[in-house]
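Residue numbering for the sequence shown follows the numbering used here, starting at 76 and increasing by one per position.
Beta carbons: idealized from backbone N, C-alpha and C, even for Gly.
Keep in mind it's a predicted model, so treat the numbers as computed, not measured.
One structure below.
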Amino acid sequence: MKKLCDFAVGDTLSLKVSNSLTDFLVVHQGNPDPALYDASCDGTWLMMKDLYAKRSWSSLAATDTWLKGNFLPVLDSTVQAQVKTVKIPYLESGSIHSGSDGLETQIFLLSAYELGWTSEDKTGMKEDGKCLAYFEGFSTADIRRVASLDGTPTWYWTRSLYSDSNESVWVVSSTSGDCTYRGASSSYGLRPVLILPPGASVDVDGTLVPNSAPVITSPSGASGVNLGSQNAPFYFQYTPSDPDGDSLTITEAVDEITTRTWSGSGGILTNFEAMTSDQSFGSLSIGPHSLQVTASDGDLSTVFTASFEKAAAAASLTLASPICTDGQILSASILVEGSIPDDAAYSVQITNNALDDAPVWQDATQASKAGERITFTNQTAQNGWAFQFKLTVERGSSGTGGYIAAVSGTIRSAAAQ
């Protein structure tokens, strides 16, 4: 088994067209120019070695519609399923449309620039593409561009308009491999091009193998598993893998918000990182939450979901560091926003000498409920005046839950009177 990305530019592989194995050339690997091409163009570019049909060009839209309706359906179903939808640069009304504004298509013709010509070679040619790797170093007239229809060398269309006229299109000569422009109503050959995912697999006889979606398993159960009630950081584990051996990009999300992305070959039991963190788990509100793991091989993705209920029987809060002042801290107010059940064991303690070995704690529970300021009784601070609080709450016998949304307050010191 071989990956398309392992094929060298210029290699040939066979795809079934109308149930017959047909040779295609690898003309490029990757995105020819991210400044000009949409990210969707990153892949293995395949050009039919010969021509498929002969018809008038008419217009870019008409040619695109014809290829989509007449060439795409005759490809083997395995190939059809993996042909990328891309956006390619094109010329219209004298302006180049590129990047995300490019022509959305699946089967297309190469532009004159992609075939190796530039405006320095030909007057009336606009930069509607970048020279593909296969055509690098080709001369203006190069017989390696010549292609045949039913065994006969035949002129064929590019997708490039002659810039001085919307009625003419650049075409490739059947003898010299050079190009010139001809009227869009003329009849010339079509040389289809398509882009496939670089991770797609090809078997020993050159046949494209269907891409298999990544797999995600978990010791906790199948996707959609309910992990129950959780009141502390916990381990939710999963194993991503890919049947084709493709490298994977893994995304972890909590409540549809991405918390981590990593890449690898998979096959390893992995911890859902955010749920093992005190900080991440602690920031979640009380109630139901969803976890989502997405594994992508660059073409197909698989999603594994789990849910849990965050419950907390008790909680405690304090400042990360005391608030220090130059003068004696005389009083303070502290406001707790949220919902505290009536039967909860609830306590708010404050001190004005938090840096001392044995701070003097003063009860401020009722004052905080009433929104009142409390005067400190302590008059000494060996290591300097410093404010701190500690809040504890625990569910009562009713089991009714609550929450703390915010804690705020003020302090008044002698220096600030």
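Burial state of residue i, where buried means 16 or more other Cβ atoms lie within 10 Å
i      : result
Gln492 : Residue confidence is low: Gln492 scores 49 on pLDDT, short of 50, so the model does not pin down where it sits. Its coordinate-derived value is still stated next. Gln492 comes out exposed.
Leu207 : buried
Gly299 : exposed
Lys205 : buried
Ala481 : exposed
Ser352 : exposed
Asn301 : exposed
Gln104 : buried
Ser322 : exposed
Gly118 : buried
Glu447 : exposed
Gly258 : exposed
When the options are compared against residue i, the one with the closest alpha-carbon
i      : options                           : result
Pro294 : Thr426, Ile343 and Gln305         : Ile343
Ala328 : Leu283, Ser382, Leu430 and Leu88  : Ser382
Gly177 : Leu79, Thr215 and Asp113          : Asp113
Pro267 : Arg234, Cys254, Ser249 and Gly258 : Arg234
Ser61  : Ile325, Ile409, Thr292 and Pro416 : The structure shown does not extend to residue 61, since the chain spans only 76 to 492, so no value can be given for it.
Gln454 : Val435, Lys465, Tyr188 and Ala445 : Val435
Arg335 : Leu392, Asp431 and Gln367         : Gln367
Glu348 : Leu392, Ala442, Val277 and Tyr310 : Tyr310
Lys77  : Gln437, Ala429, Asn286 and Asp108 : Asn286
Gln291 : Gln441, Pro273, Ser340 and Asp330 : The sequence given here has Ile at residue 291, not Gln. Cα-wise, what sits closest to Ile291 is Ser340.
Ala216 : Thr227, Lys197 and Asp203         : Lys197
Ala395 : Glu384, Leu430 and Thr180         : Leu430
Ser365 : Ser376, Gln305 and Ile398         : Gln305
Gly199 : Leu271, Phe146, Phe213 and Thr255 : Thr255
Beta-bridge pairing of residue i - partner residues as DSSP gives them
i      : result
Phe183 : Val268
Ser170 : Glu167
Ser391 : Thr467
Cys254 : Val247
Pro416 : Pro416 is not bridged to any residue.
Asn428 : Ala461
Take every Cβ of the segment 218-227, pair it with every Cβ of the segment 114-126, and state whether three or more of those distances are shorter than 8 Å. Three or more Cβ pairs closer than 8 Å define a contact, and the segment 218-227 meets that threshold against the segment 114-126.
3 or more residues per run - each beta strand (DSSP E) lying fully within the segment 270-326: The segment 270-326 contains these whole beta strand (DSSP E) runs: 290-292, 300-305 and 312-316.
If you pair each beta-carbon of the segment 152-164 with each one of the segment 132-142, do three or more pairs fall below 8 Å? no
Residue ranges of each beta strand (DSSP E) within the segment 322-381, 3 or longer: 323-329, 332-339 and 362-371
Could I get the ranges of all uninterrupted beta strand (DSSP E) runs contained in the segment 435-465, with 3 residues as the minimum, in chain order? Listed in chain order, there is nothing to give.
Indicate whether the contact test is met: 3 or more Cβ pairs, each with one atom in the segment 92-100 and one in the segment 241-261, closer than 8 Å. no
Any contact between the segment 445-459 and the segment 400-413? By contact I mean 3 or more CB pairs, one from each, below 8 Å. yes
At least three beta-carbon pairs within less than 8 Å, the segment 465-472 to the segment 417-429: Yes: at least three Cβ pairs fall under 8 Å.
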